[in-house]
Amino acid sequence: MPPLLHSPFINSKYRALEEGIFSLLSTSTSFNHILQIHARIFILGLHQNNFIATRLINLCSSTFSINHACLTFHHISYPTVGLWNTFIRTLSQNNLPIETLRTYTQMKKTQIPPDNFTFPFLLKACSVLSPSSPIGPAIHGEIIRTGFEFDPYIRNSLIDMYSKSGHLESAFFLFEGMTVRDVVTWNSMIAGCFRREDIGRGRELFDRMPERNVVSWNTVVSGYAHNGQALEALRLFRRMQSEGIPPNEVTLLSVISACAQAGAIETGKWVHRYIERSGIKLDVYLSNCLIDMYSKGGSLQDARKVFDAMDKRTVVSWNSMIAGFATHGCGEDAVLLFENMDRAGVEPNDITYIAILSACKHAGLIEEGRKYFKHMVEKHGTTPKVEHYGCMVDLLGRGGYLIEAHELIKNMPIPPDAGIWGALLDACRTHGNLELAEHAVACLLELEPCNAGNYVLLSNIYAARGLWEDVEQVRKKMKGRKVEKTPGSSSIEVESSIHEFVIGDRSHPRSNEIYEKLDDLAMQLKLAGYVPETDSVLHDICEEEKEHALNVHSEKLAIAFGLISTAPGMTLRVVKNLRVCKDCHSATKLISKIVRRKIIVRDRIRFHHFSDGRCSCKDFW
DNA sequence: TTAGGGTTAG
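Basically my numbering = 1-based index in the first sequence + 424.
And the structure:
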């Protein structure tokens, strides 16, 4: 039992000391200060005090001094259930699930029974365990045995635990059995569905729920954004606004990331202005997100402005900016920033190296790429991952060093993935090495037999050489294995609305005007001496048909729509889900000259800034 | 016989 203090005099003196420590603790912000106060606690003989220990552990938790929290806890000979809970909470919140559950086992050994507060912390720890772990269900069993089954917090925690640990159906079973559900119950279940990519079921619950809070909206907005449906995320954000729900930081992070994905720079700018207007602190997370959004939206200048204005930067900030330079083909700027990062004493991580290597690859900086690949191992002791090898194979392959790239693959200490063989295959296409291409395809198809992109690449190589029988063979294989080509689509943002087009699309309300503009462009292109590059067309169709198919490629439709719906001279920003084809690339160069506009195209791999008949990629992509 | 400890979005 803890020591009892009987005398009222001692009691009040003791209380005064306690209060003194409490007020000291409430002013403490740094770990050093905590240590000083703790020393004082020992001098005053208050180190067995449960209340002080509770405050101290909470403080250690907020300053991430977990070892000191452990030390504090283990000084207490007789912890109350409240103190056990505080300690378990600290471990659980600091993502130490094994230690959390081990502490719970120790608690039970001391014969102190858990209470209703204990279980939510334990369930949080169980939620990060593997789906095969029996611990979560075992804790559920204890909850039933101890009679806490109907506590609303515990029920919600159970749903959250099951849905996070890969048992969505168990979560649903509990959900369906509940007669009283609050907004947290619904939110947890919806988040579980989106996490498992069961978007339909998640949306159905969201539409059905009787009452929504900002978390409900954030769950669906981020759920769609994470599942690659940025446009739906933005639609929901607009609906959220029209329903008068004020967004918070989490909403804005999700929306900015959806804007980045969709290339919706106008909407992104609006969010940026909203943050500034509403007094929300532009913290390092929001700033990093904005850098990414502006880079992916095509404006490196705006990305750089955000980067330069930051008073505190993390490695993510540097990585985002370097990656921005990389995708825009500004290899030298990326190299410069990488060197600045080094001078600023920020330790690069493996993502930094992916960014800098991909910057080298897009800009054709072969020697620099080789140097940084060596640096990452020798200077920073980073073990290259498959992604780094992928960058190197791509870099060497694009530069025409096909044999060196192939040698690198053969000597990799880890098995090459589809990305590596894909990069080599791509290089073979660029440099016309049919033999190595066939080898790469064979390896690729073994790794991913259902990926249509691989068949398409091989087919394109045959098509470019006029080997139509081989093209037909590849097509038959595709059909036989039930693989389908990902349909190409391009989008453009006009007045904060995204307009999406697929090949030959006639679904847009202004379709007639778009096609008139296309015809007009086609005529002007011909006058300017443009010859369609018909080898971009996959199948063996006659020349005239090929030409027509090229003319209605999704990026051309998006450009035509941009031209008829924006003021003369305005920059057009187009986002394509696949790589831009050779013909569209040549045509867009000329279009930029004819219409005197900057046209920025983001394809699956990188940016192309078209202006006055030229492209920033210098035809190297 | 003091206080504090719970669930959802990122």
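Even for Gly, the Cβ is constructed at its ideal location relative to N, Cα and C.
Boundaries of the beta strand (DSSP E) around residue 1033: 1031-1035. Within the segment 822-865, no complete beta strand (DSSP E) segment of 3 residues or longer occurs. Every candidate beta strand (DSSP E) stretch fails here, since none sits fully inside the segment 703-728 while reaching 3 residues.
Taking 8 angstroms as the cut-off, the Cβ atoms of residue 877 and residue 843 do not count as close.
Restricting attention to beta strand (DSSP E) runs no shorter than 3 residues, the segment 436-515 encloses none. Between the alpha carbons of residue 744 and residue 698 lies a gap of roughly 22 angstroms.
The beta-carbon distance between residue 864 and residue 849, rounded to whole angstroms, is 4 angstroms. This is short enough to meet the 8 angstroms contact definition.
Taking C-alpha positions only, residue 515 is separated from residue 462 by approximately 20 angstroms. Out of 852, 812, 703, the CA that lies nearest to the CA of residue 826 is found in 852. Here the segment 669-678 makes contact with the segment 701-721; the two share three or more CB pairs at distances below 8 angstroms. Assigned with DSSP and collapsed to three states, residue 583 falls in helix.
Bridge pairing for residue 932: absent [DSSP]. In the structure shown, residue 977 adopts coil according to DSSP, grouped into three states. A distance below 6 angstroms between beta-carbons, with the five flanking residues on each side excluded, links residue 532 to no residue of its chain. Taking a C-beta distance under 8 angstroms as the contact criterion, residue 547 and residue 581 qualify as a contact pair. The beta carbons of residue 496 and residue 512 sit about 14 angstroms from each other, so the pair does not count as a contact at 8 angstroms. For residue 1014, the enclosing alpha helix (DSSP H) starts and ends at 1006-1018.
Judged by DSSP secondary structure, residue 917 falls within the beta strand (DSSP E) whose first and last residues are 913-918. By the Cβ test, the segment 709-716 is in contact with the segment 728-742, since at least three Cβ pairs between them sit closer than 8 angstroms. Between the C-alpha atoms of residue 641 and residue 890 there is a straight-line separation of about 53 angstroms.
A straight-line Cα-Cα distance of about 37 angstroms links residue 695 and residue 944. In the DSSP annotation of this structure, the continuous segment of the beta strand (DSSP E) that includes residue 1026 starts and ends at 1023-1026. Contiguous alpha helix (DSSP H) elements confined to the segment 652-701 occur at 654-666, 673-686, taking only those with 4 or more residues. Within the DSSP bridge table, the entry for residue 632 names no partner. Only buried fits residue 465, as 16 or more other CB atoms lie within 10 angstroms of its CB. Counting every other CB atom within 10 Å of its CB across the protein chains shown gives residue 991 a total below 16, marking it as exposed.
Residue 600: member of the alpha helix (DSSP H) spanning 592-601, first to last residue. Between residue 950 and residue 984, the C-beta spacing is not below 8 angstroms. With respect to residue 914, residue 979 sits close: the two C-beta atoms are nearer than 8 angstroms. Contact between residue 654 and residue 685 holds: their C-beta atoms lie close to 4 angstroms from each other, under 8 angstroms. In this structure, DSSP gives residue 1041 a state outside helix and strand, which the three-state scheme calls coil. Residues of the same chain with a CB within less than 7 angstroms of the CB of residue 483, apart from the 5 flanking positions on each side, are 449, 452, 458 in chain order. Contact between residue 753 and residue 787 holds, since their C-beta atoms are separated by about 6 angstroms, short of 8 angstroms. Annotation for residue 804: no beta strand (DSSP E) segment contains it, and DSSP assigns it neither H nor E.
Under DSSP, the beta-bridge partners assigned to residue 922 are 917. Per DSSP, reduced to three states, the secondary structure at residue 526 is helical.
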